[in-house]
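Some notes on the structure that comes next.
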Amino acid sequence: MDKGSTKYKVMNDEEKELAVQMYIQGLSQAKIGKKLGFSAATIGNLLKNQNVPIRSNKLSEEEKDQIVELYQQGLGISKVSEKLKRSDNSVKKVLGERNIQIRSSRGLSEQKQREILELHENGLTGVDIAKKFGIHQTTVSSILKKYNKTTSRRRISEEEIETIIKLYEDGLSTSKISEKLKRTHVTVLRILKSHNISLRRKNEVNAEVIDNVIKMHKDEFTLEEIKKETSLGVSTIRTILKVDDVSNYYKKKIVELYNEGLEQKSISERVNINSKVIGLILKQSGVNLNSFRLSEDKKHKIVEMYNTGLSQTEVAKQFKVSEISVNLILHERGVLRTRILTKKDEDHIVELYTKGLSISKISDELGYSQKTINKIFKKKKVKTRSNKRLTESDEDVIISLYNEGYSMNRLSELVGYSVMTIRSVLIKNNVEIRKKSEAVSKAKKTDERVQKQIVELYKSGLTQRKVSEEVKVSEVTVRKILREHDVSRKNRF
47 MDKGSTKYKV MNDEEKELAV QMYIQGLSQA KIGKKLGFSA ATIGNLLKNQ NVPIRSNKLS
107 EEEKDQIVEL YQQGLGISKV SEKLKRSDNS VKKVLGERNI QIRSSRGLSE QKQREILELH
167 ENGLTGVDIA KKFGIHQTTV SSILKKYNKT TSRRRISEEE IETIIKLYED GLSTSKISEK
227 LKRTHVTVLR ILKSHNISLR RKNEVNAEVI DNVIKMHKDE FTLEEIKKET SLGVSTIRTI
287 LKVDDVSNYY KKKIVELYNE GLEQKSISER VNINSKVIGL ILKQSGVNLN SFRLSEDKKH
347 KIVEMYNTGL SQTEVAKQFK VSEISVNLIL HERGVLRTRI LTKKDEDHIV ELYTKGLSIS
407 KISDELGYSQ KTINKIFKKK KVKTRSNKRL TESDEDVIIS LYNEGYSMNR LSELVGYSVM
467 TIRSVLIKNN VEIRKKSEAV SKAKKTDERV QKQIVELYKS GLTQRKVSEE VKVSEVTVRK
527 ILREHDVSRK NRF
């Protein structure tokens, strides 16, 4: 994630809905995350929030038998995975375990291969052919290559370009045009952008839409019916319905606070209502929302604070505004300019990384985004260090220490994983997350007790490994605590 621009990529309603659909269709959380550009943990949290029943990752023997049976009946891996709501990799793994040889294009009869060629010549895409035969798209490509048939995309005619533009201007969505003309979504977007067609904001929610959704809900429309009528995502509809739960007193208060100059985030904290709901209440009340409405005095203070050495993220937190707002002000005032990287700069970045500094540390120190640093490494063919992988014993340690009262931040320091990873482990294992106030008091007490126990055990003659096993923390943690208490091999007895 880029420091100095946006901190996290936020999942929009369309992506949320798509993620849920993909999961219901059988894709794994990891695969959905990869396709949409989010972590598997984020997808898992979304599914939990949307009350989607989570599949067990473990396949039962009965399911494994079913996979083998369907595959031996002639169904392709993608068809089997689609039918059993499992990932392609899970199906392949089972077939490998049962010593079932996976069919390649050679496994398809000559007749089927000829049918594939015929369908391709009739204009059917590789994706459609793969679906029809229950095989992978790459299998279709390899068959076409075998017969020297081009697998490149069809050239788009001027007539098609005109049709795309006309359909879009007539109100059809890009996804509907893509479906209708058998062109990829990316192609449709590329055509519209290259012809300077202004893209519509998808399903913009205004006061009329909010009132309409609330009215339909009161008229006992189901969520699916509202979705069909308004073309809004289910999660957006749920958020809109929360507006109706807010009393008129609070609605007036929210408008007053906004007119006094408070940001939606600050109002949310003050009245304890979700900031998205705050935004919808302001829209419903006819307030002209302008995210960049900071006073000159505030802008001046933001520049001053940034010049004291604080990062854009820290300044944004102080003023309770987005990092984008801070970035825009700094550019507007000439404080930030696009920085041109010299060869010397690039070499310095590589040198810092080879000395052991992490990408995020280099980003903090030099003020370049992590994306820029990664691009330099790619260009210079610098092999980046892989992220530490969680083991089952690591997870056990995290859960055990958290239950003993350690905070997530303290755990992050001790076990060397990010707070986000620790949170994901706890959620995955159904561990209830403590409130901050509760965590602080409990953690302090336990922290001191465990540290004292580690020092005493080590001084009694136990090795670091034995202490680690006894207290159920990693050896790294034991070493770190002993260092903090100035206990060495020489002075332990």
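For what it's worth, the working numbering labels the leading residue of the sequence shown as 47, then goes sequentially.
For glycine and all other residues, C-beta sits at the position ideal for the given N, C-alpha and C.
Check whether Gln364 and Ala253 have beta carbons under 7 Å apart: By one-based count along the sequence shown, residue 364 stands at place 318. By one-based count along the sequence shown, residue 253 stands at place 207. It is not a contact, given that the beta carbons lie outside the stated cut-off.
Beta-carbon spacing of Asp216, Ile260 below 7 Å: Working through the sequence shown from its first residue, we reach residue 216 at position 170. Working through the sequence shown from its first residue, we reach residue 260 at position 214. No, they are not a contact pair.
Proximity below 7 Å, CB of Glu516 to CB of Leu503: Here residue 516 corresponds to residue number 470 of the sequence shown, with the count starting at 1. Here residue 503 corresponds to residue number 457 of the sequence shown, with the count starting at 1. In this structure, Leu503 lies closer than 7 Å to Glu516 by Cβ.
Cβ-based burial, Glu214 [other Cβ within 10 Å; buried from 16]: Walking along the sequence shown from the start, residue 214 turns up at place 168. Per the sequence shown, residue 214 should be read as Tyr rather than Glu. Tyr214 should be labelled buried.
Residue span of the alpha helix (DSSP H) that contains Phe29, given as start and end: Nothing can be reported for residue 29, as the shown portion of the chain is limited to 47 through 539.
N-terminal and C-terminal residue of the alpha helix (DSSP H) that Ser439 is part of: Sequence index remark: in the sequence shown, residue 439 carries index 393 (1-based). Here the alpha helix (DSSP H) through Ser439 covers 438-450.
Exposure label - Lys193; buried when at least 16 CB within 10 Å: Locating residue 193 in the sequence shown gives position 147, counting from the first residue. In the sequence under discussion, the amino acid at residue 193 is Tyr, which differs from the Lys named in the question. Classification for Tyr193: exposed.
The segment 303-322 / the segment 262-276 touching (three or more Cβ pairs under 8 Å): The segment 303-322 makes no contact with the segment 262-276, as fewer than three CB pairs between them are under 8 Å.
C-alpha distance - Thr492 paired with Ile445, whole-angstrom precision: Residue mapping note: residue 492 aligns to position 446 of the sequence shown, counting from 1. Residue mapping note: residue 445 aligns to position 399 of the sequence shown, counting from 1. Residue confidence is low: Thr492 scores 47 on pLDDT, short of 50, so the model does not pin down where it sits. Its coordinate-derived value is still stated next. Roughly 14 Å separates the two Cα atoms.
Closest Cα partner of Lys347 within the set Val333, Lys104, Val372: Start at 1 with the first residue of the sequence shown, and residue 347 comes out as number 301. Comparing Cα-Cα distances from Lys347 to each of Val333, Lys104, Val372, the minimum goes to Val372.
Contact set for Gly279: own chain, Cβ-Cβ below 8 Å, skip 5 residues either direction: On the sequence shown, position 233 is the one that residue 279 refers to. These residues qualify, in order along the chain: Asp59, Glu60, Lys62, Glu63, Asn249, Lys273.
Under the three-state DSSP convention, the category Val323 falls into: Taking the sequence shown and counting its residues from 1, the one referred to as residue 323 is at position 277. If DSSP states are grouped into helix, strand and coil, Val323 belongs with the helices.
Beta-carbon proximity of Val428 to Arg379, cut-off 7 Å: Locating residue 428 in the sequence shown gives position 382, counting from the first residue. Locating residue 379 in the sequence shown gives position 333, counting from the first residue. Going by beta carbons, Val428 and Arg379 fall outside the 7 Å limit.
CA-to-CA distance, Val501 to Arg529, given in whole angstroms: Walking along the sequence shown from the start, residue 529 turns up at place 483. Walking along the sequence shown from the start, residue 501 turns up at place 455. Cα to Cα, the separation comes out at about 10 Å.
Counted within 10 angstroms of its Cβ, other Cβ atoms place Ser406 as buried (16 or more) or exposed: Here residue 406 refers to the residue found at position 360 of the sequence shown. When all chains shown are included, Ser406 counts as exposed.
Cβ-Cβ distance between Glu438 and Val367 below 7 Å: Along the sequence shown, read from residue 1 onward, the residue named residue 438 stands at position 392. Along the sequence shown, read from residue 1 onward, the residue named residue 367 stands at position 321. No; because the gap between Cβ atoms is not below 7 Å, this pair is not in contact.
Boundaries (first-last residue) of the alpha helix (DSSP H) holding Leu472: Taking the first residue of the sequence shown as position 1, residue 472 is located at position 426. 465-474 is the extent of the alpha helix (DSSP H) around Leu472.
Close Cβ partners of Lys297 (< 6 Å) along its chain, the five nearest in sequence each way excluded: Locating residue 297 in the sequence shown gives position 251, counting from the first residue. Taken in chain order, the residues that qualify are Ile327.
Cβ separation of Gly72 and Ser124, assumed to be a contact under 8 Å, to the nearest whole Å: Locating residue 72 in the sequence shown gives position 26, counting from the first residue. Locating residue 124 in the sequence shown gives position 78, counting from the first residue. That belief does not hold up - the Cβ atoms of Gly72 and Ser124 are roughly 10 Å apart, past 8 Å.
Beta-carbon gap between Ser18 and Val114 smaller than 7 Å: This structure cannot settle anything about residue 18, because the visible part of the chain is limited to 47 through 539.
Range covered by the alpha helix (DSSP H) that runs through Glu350: Start at 1 with the first residue of the sequence shown, and residue 350 comes out as number 304. First-last of the alpha helix (DSSP H) with Glu350: 342-353.
Segment contact flag, the segment 453-460 with the segment 468-479, C-beta cutoff 8 Å, min 3 pairs: yes
Best match in Val465, Arg511, Ile527, Ile479 for proximity to Arg604 [C-alpha to C-alpha]: The first residue shown for the chain is 47 and the last is 539, placing residue 604 beyond what the model contains.
The segment 201-210 in contact with the segment 225-239 per 3-pair CB rule at 8 Å: yes
Where Thr509 falls, given that 16 or more other Cβ within 10 Å makes a residue buried: Here residue 509 refers to the residue found at position 463 when the sequence shown is read from its first residue. Thr509 comes out exposed.
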